[in-house]
Amino acid sequence: MSSAGQLYWSVIEPIWDKVSIYGSPDLFLHQFSNLTEVQRHLFASHWCQSEVRNGGFHQFFSNSTGVLAPEAVAGFRALGLAECAALVQEAMKHFARPYPRETEERLAKLELLGDPFDAIDDRFYDAIRNDGYEKAADEYASNFSAA
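Those letters in the sequence shown? Residues 1 to 147, per the working numbering, in order.
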């Protein structure tokens with residue numbers, strides 16, 4: 001039996017270096033659009049949950065990974081993690097509309113806000129505890145063998 005996360009990782013590992021979260025938002029969106037829907041959902045939700053688990057939403061939004069917040073919402077929804085999707089959306093409400101994909105814009109807003117995400121962080125951790133993300137992502141990946 002495989003370990004949790006192995007199946008979904010096999011879907012995104014081949015495309016991991018084909019999408020840059022470090023360049024411009026336009027570059028990210030162009031490269032991201034070349035992925036399959038399954039790869040897009042897994043890639044974006046993986047980055048988001050990884051960053052949030054490591055350092056909370058403040059880390060996610062202050063790093064280049066914040067470029068893909070809207071895509072992470074869609075990814076969590078596709079994986080059946082509606083609560084995670086709602087929490088990302090709730091955290092995104094601290095920023096202007098449209099959502100600022102440029103890291104510098106998010107950093108400027110965070111400088112004014114500080115870290116308003118503690119309660120949202122805790123709710124996110126609860127929503128994906130016990131390998132909840134890995135299990136949902138593996139199940140989603142298993143439904144799309146052609147991914």
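Backbone N, C-alpha and C fix where the C-beta goes; we use that ideal spot for every residue, glycine too.
| Item | Value |
| --- | --- |
| Rounded C-alpha distance that separates residue 46 from residue 67 | 13 Å |
| Which of helix, strand or coil DSSP assigns to residue 34 | coil |
| Spatial distance of residue 118 from residue 144 (CA atoms) | 35 Å |
| Cut-off 6 Å between Cβ atoms - residues of its own chain near residue 8, not counting five sequence neighbours on either side | 42, 137, 138, 141 |
| Top-ranked residue by Cα proximity to residue 62, from 33, 94, 36, 73 | 94 |
| The alpha helix (DSSP H) enclosing residue 102, as first and last residue numbers | Residue 102 -> no alpha helix (DSSP H), and no H or E assigned at all. |
| CB of residue 148 within 7 Å of CB of residue 78, strictly | Because the chain in this structure spans residues 1 to 147, residue 148 falls outside the shown range and cannot be described. |
| C-beta atoms of residue 103 and residue 64 nearer than 7 Å | yes |
| Counted within 10 angstroms of its Cβ, other Cβ atoms place residue 147 as buried (16 or more) or exposed | Because residue 147 carries a pLDDT of 40, less than 50, the predicted location of this residue cannot be relied on, and the following value inherits that uncertainty. Counting Cβ neighbours within 10 Å, residue 147 comes out buried, since at least 16 surround it. |
| Cβ separation of residue 131 and residue 4, assumed to be a contact under 8 Å, to the nearest whole Å | 4 Å |
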